[in-house]
Structure formats: structure tokens, C-alpha cells
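For the sequence shown, our numbering assigns the number 555 to the last residue and increments by one with no breaks.
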Amino acid sequence: LPRFAEVFAPLAARAADRGVRIAFENCAMEGSWQRGDRNIAHSPAAWEKMFDAVPSEAVGLEWEPCHQLVQLIDPLPQLRRWVDKVFHVHGKDATVLWDVVRESGIGGSATFAHHRTPGFGDTNWTDVISTLRMGGYQGAIDIEGWHDPVYHGDLEMTGQVRALRYLQECRGGDYVPNPT
376 LPRFAEVFAP LAARAADRGV RIAFENCAME GSWQRGDRNI AHSPAAWEKM
426 FDAVPSEAVG LEWEPCHQLV QLIDPLPQLR RWVDKVFHVH GKDATVLWDV
476 VRESGIGGSA TFAHHRTPGF GDTNWTDVIS TLRMGGYQGA IDIEGWHDPV
526 YHGDLEMTGQ VRALRYLQEC RGGDYVPNPT
């Protein structure tokens, strides 16, 4: 973390001076944190250390529930805790195969989770969107495709359009302006 602070404190100050923000994706990226070949922003414990090391309003998260689910971390409590540090959201979900986890654990050869498009995974997106909005988030949710084991190939765009419609329903449906 001293090296993190050494590198990112001046970058955060520079970003703040220019009105931009630096967002770390909450993805483990495989590897090992101890070896330094893993994304530092992989879990809430890491975020705490990062934000303590560089206490800047210009440093935050590009957050998605998928990366937490595949680590068997419930995404909603962490989102409630860190919503003010969420600068961008990826619409990507995951399905945890609990029968595989119970039989083989997460270190075995069997796949225990699949990355999914929103609407086909385990995330309660209505709660995610509500938490984001109540926390002041006004940004977009960008659907991250090209990962779903079902909606891929010729069905990729079908899955992404379905995800868009699903997310629109989770936020309350079509936008209807208030009467003036």
C-alpha cells in the first residue's frame, strides 16, 4: 500500500484539479494480492485500505456485482457501505452453482460460477438500482456483454437487449417526465 499511495496520491490530486475521477474496477483479475499480480480493488477489505491510503474524492470504484458474487461475497451490503465511492457501474451478473460449491468447493476443477448478463444471474438488480439512486448515483449502468455462457455467439445481442429491458424494469420502467 505504500507504493499504491506513492503512485496514486499525486494522480488523484491531478485528477481532482482537472475535475475527473479515477475508478478501479472491483475485479480480482486472478493472481495473488501478495505477489502483486492481482487487481488491488478486488474486495471491500482492499477498498478500505485503498481509500485510507489515498483519501481523495477523485478515487473510487467501477463497480459490478458479478465480481463479488464469484468470490461468494454478497454485493448489496458492500454497495450500501461504499455507494458514495461508486463512480461507474457495469451491468454484469453471475450465477453461483451452489450444488457445485457444496460438493467440490471453489478450488476444484468444476466451474462453480458463470458470468451472466443482468436478468439471468443471482443479483437483485431492483435493490442494486434502488441503493445506487438512494446513495446519489446518477450515472449509467453499462451492460458488459460477451461473457454469458447462454447468450453468446448469435444470441449475444438478444441477451444484451433483454438485459437492457430487464434493467429498465428494475429501475421502474419507461421514463415518464413529471407534469409541468
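Built from N, CA and C at the ideal position, the CB exists for glycine as well.
Three-state class that DSSP yields for residue i in the structure shown
{"i": "Phe487", "result": "coil"}
{"i": "Ala336", "result": "This structure leaves residue 336 out entirely; the chain is present only between 376 and 555."}
{"i": "Leu436", "result": "strand"}
{"i": "Ile518", "result": "strand"}
{"i": "Ile481", "result": "coil"}
Reference residue i, options the options, closest by Cα
{"i": "Arg456", "options": "Val475, Arg477, Val471, Ala420", "result": "Ala420"}
{"i": "Asp474", "options": "Met425, Leu530, Ala488", "result": "Ala488"}
{"i": "Gly510", "options": "Cys545, Arg546, Lys460", "result": "Lys460"}
Inter-residue CB distance, residue i and residue j (contact presumed, cutoff 8 Å)
{"i": "Ser418", "j": "Ile397", "result": "About 18 Å; that fails the 8 Å criterion."}
{"i": "Leu542", "j": "Trp500", "result": "6 Å"}
{"i": "Leu507", "j": "Val464", "result": "7 Å"}
Pairwise C-alpha distance: residue j and residue i
{"i": "Gln535", "j": "Lys424", "result": "35 Å"}
{"i": "Tyr526", "j": "Met532", "result": "8 Å"}
{"i": "Phe383", "j": "Leu376", "result": "10 Å"}
{"i": "Asp392", "j": "Ile481", "result": "44 Å"}
Neighbour flag for residue i against chain D, beta carbons, 8 Å
{"i": "Gly528", "result": "As a matter of chain content, chain D is missing from the structure shown, which is built from one protein chain."}
Validate contact between the stretch 479-495 and the stretch 504-522 using beta carbons, cut 8 Å, 3 pairs: yes
Cβ contact (3+ pairs, closer than 8 Å) linking the stretch 382-395 and the stretch 433-443: yes
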